[in-house]
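Chemist: In our numbering, the protein residues as written are 747 to 1258.
Heads up, the beta-carbon is just placed ideally off N, CA and C, and yes, glycines get one too.
Once you've had a glance at the structure underneath, I'll fire off some questions.
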RNA sequence: GGCGGCGUAGCUCAGUCGGUCAGAGCACACGGCUCAUAAUCGUGGGGUCGCGGGUUCGAGUCCCGCCGCCGCUACCA
């Protein structure tokens, strides 16, 4: 059985879960659900990143220990994913013992292999950024442009990872794995960065103690990024196996935002090489959701009212309360192609909700149920094998499958909706509501029910609850997500004979 | 500055190797229908395919230049 391992970034417990987090997580969830439906053994990992100076500072401000602070925030992420019907198989926290063991083992291995050595680094340091700043990017008075506070001259004796030793190996690896980073343009970014020359990186800190201790020098803790990336190995048992990564590694799929390309496409593969394991097979980069084209804009928020909000101020749970889980999931998956930046707006959600969910899918369900009730006594007839829709369905299944396969939920859903539109058109052409009950009418409605069954299967990764409801209403037992594709989506699998239920609209229309 | 990308119907975008590629969805208009959530179905786009040259029998689709926009150019998660 094929193994499918997909990860999200682990989220820093510095701020509350927002729409940006939800975007990445729901996309990963939908892809994971798709792979379960096609019968893969799936491991879907998400979690929280809990070390580092910023967490320590935030905890301090709240007069809490860093651990207590992390213990308070991590569940908020878990709860948000539950509210979004995210079915992750594991939720990793970097403060867990299994992770400490994995980090220490991984980096000890790199140390033993000679790729970590002592050194010193000095420069202007912004505490807010937790980063050194080049003089050229500072505002007058040596002030950090992001945090508006003075930077400090900091010189540290640290351990350095010899990233520079991996330039050629990385280029060679990318040459041999041309599709490992997608979209292509993001791969180019990583490549040009590597070609520009790689410097060694300091990977430990002595200024704080909120981190994973360095095994060969307990005065140091690992720098957060070098701790965080290892989570992808922790979850598959790296700490305890030999290299413990057999069936899940390196065929992993890292879903990340474009702002962390360098860490995942340069540092991380080099670290893996240094530790003696293969780099991750695939990094799928997504873009940003924008509000009002920029960072700020007027947007309506749940409950009405209008004020300027940032994307990071929009709580996913508030959107779920307003629209329902599946419409939000659908919107996050359908509105923007994965990899591109896209607009996120209240108006956009309403508009797509009405067009795709209420008018197309929901209305099709309603009209079919009503006519089956009046012309077929409420019992769903079987489809016709020679139906024109059979060909459409086959094409749609094939292209939706291909789209899910290449991490393109946007395309998968778009093509799935083509079957809905064609089914509406087919009904319009046949007008079963005007005809006398009989084989002709049965055939038309059987086709429509078959189409709904297939739509429920193809859209289940995006809208599990709705698709299960469609499944039930058209008289089928079980749940779409328990069916095996592609077999279950073949034309002719709708059995007929079940009770078709007329029920309130799946998606009541909303006014702007 | 260097490297990379983008600029196609009101909006969001498709357009593989140059020759029915001038398209889709949404929005809008008109018509049909009334099973359905004022839903649905059909019809409608004279769009200089950013601008100017060039190659070619023929170019959104290749080459050169220009204009506009954007990303990356290291130790922030």
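1. By Cβ distance, which residues of its chain are closer than 8 Å to residue 1139, with the 5 residues on each side in sequence left out?
2. Indicate the three-state DSSP secondary structure (helix, strand or coil) for residue 937 in the structure shown.
3. If you compare alpha carbons, which of 859, 860 and 898 is closest to residue 878?
4. When you compare only the Cα positions, how much space is there between residue 974 and residue 1021?
5. Determine the extent of the alpha helix (DSSP H) in which residue 1080 is found, giving its start and end residues.
6. So, is residue 1116 buried or exposed, given that buried needs 16 or more other C-beta atoms within 10 angstroms?
7. Give the straight-line distance between the Cα atoms of residue 1053 and residue 763, rounded to the nearest whole angstrom.
8. Straight-line CA distance for residue 907 to residue 867?
9. Since residue 872 is in the beta strand (DSSP E), which residue starts that stretch and which ends it?
10. Whose C-beta lies closer than 7 Å to the C-beta of residue 915 among residues of the same chain, with five residues either side of it excluded?
11. Is the segment 797-811 touching the segment 1096-1110 in the sense that three or more CB pairs, one from each, lie closer than 8 Å?
12. Specify the secondary structure class of residue 1274 as computed by DSSP and reduced to three states.
13. Alpha carbon to alpha carbon, how far is residue 1229 from residue 922?
14. Are there three or more Cβ pairs, one per stretch, closer than 8 Å when the segment 840-848 is compared with the segment 1003-1011?
15. Throw me the rounded Cβ distance for the residue 929 and residue 1031 pair, which I believe falls under 8 Å.
16. Could you give the distance in angstroms between the alpha-carbon of residue 953 and the alpha-carbon of residue 972?
17. From the DSSP output, in three-state form, read off residue 750 for me.
18. Keeping to the same chain, check which residues put their C-beta closer than 6 Å to that of residue 832; ignore five residues upstream and five downstream.
19. Given this structure, state the Cα-to-Cα distance separating residue 1051 from residue 1092, to the nearest angstrom.
20. In chain order, what residues of the same chain lie with their CB nearer than 7 Å to the CB of residue 945, ignoring the 5 residues before and after it?
21. According to DSSP, residue 948 sits in a beta bridge with which residue or residues?
22. Taking residue 797 as the reference, give the member of 939, 950 and 750 with the closest Cα.
23. Is DSSP giving residue 1003 helix, strand or coil here?
24. Answer yes or no: do residue 1066 and residue 1060 have a C-beta to C-beta separation smaller than 8 Å?
25. In chain order, what residues of the same chain have a beta carbon less than 6 Å from the beta carbon of residue 1262, not counting five sequence neighbours either side?
26. Just confirm the distance between the C-beta atoms of residue 779 and residue 1227, as a whole number of angstroms; I'd bet it's less than 8 Å.
27. Which term fits residue 1121, buried or exposed, when burial requires 16 or more other beta carbons within 10 angstroms of its beta carbon?
28. So, at 7 Å on beta carbons, what are the nonlocal neighbours of residue 1081 in its own chain, with the 5 sequence-adjacent residues on each side left out?
29. Report the three-state DSSP secondary structure of residue 1029 (helix, strand or coil).
30. Taking the alpha helix (DSSP H) that residue 1118 falls in, what are its first and last residues?
31. With a Cβ-Cβ cutoff of 8 Å, do residue 1072 and residue 1169 count as a contact?
32. Using 10 angstroms around the beta-carbon of residue 758, count the other beta-carbons present and answer buried if the total reaches 16, otherwise exposed.
33. Going by the beta-carbon positions, is the gap between residue 751 and residue 1078 smaller than 8 Å?
34. Exposed or buried, what is residue 1262 when buried is set at 16 or more other beta-carbons lying within 10 Å of its beta-carbon?
35. Please state if the CB of residue 1144 and the CB of residue 1158 are separated by a distance shorter than 8 Å.
36. Just to check my reading of the structure: residue 996 and residue 1024 have Cβ atoms closer than 8 Å, yes? What is that Cβ distance to the nearest angstrom?
Modeler: Short version:
1. 1165, 1196, 1197, 1200, 1235 and 1237
2. helix
3. 898
4. 16 Å
5. 1071-1080
6. exposed
7. A caution first: residue 1053 carries a pLDDT of 44, below 50, which makes its placement in the model unreliable, though a value can still be read off. Cα to Cα, the separation comes out at about 20 Å.
8. 12 Å
9. 862-872
10. 1019
11. no
12. Lying outside 747 to 1258, the shown extent of the chain, residue 1274 is not represented and no answer is given.
13. 37 Å
14. no
15. 7 Å
16. 16 Å
17. strand
18. 771 and 775
19. At residue 1051, the pLDDT of 39 sits below 50, so the modelled position is not reliable and the matter cannot be decided from this model.
20. 909 and 910
21. 906
22. 950
23. strand
24. no
25. Since the first residue shown for the chain is 747 and the last is 1258, residue 1262 is missing from the structure and cannot be characterised.
26. 7 Å
27. buried
28. 1088, 1094 and 1098
29. strand
30. 1109-1121
31. no
32. buried
33. no
34. Missing from the structure shown is residue 1262; the chain here goes from 747 to 1258 and no further.
35. no
36. 4 Å
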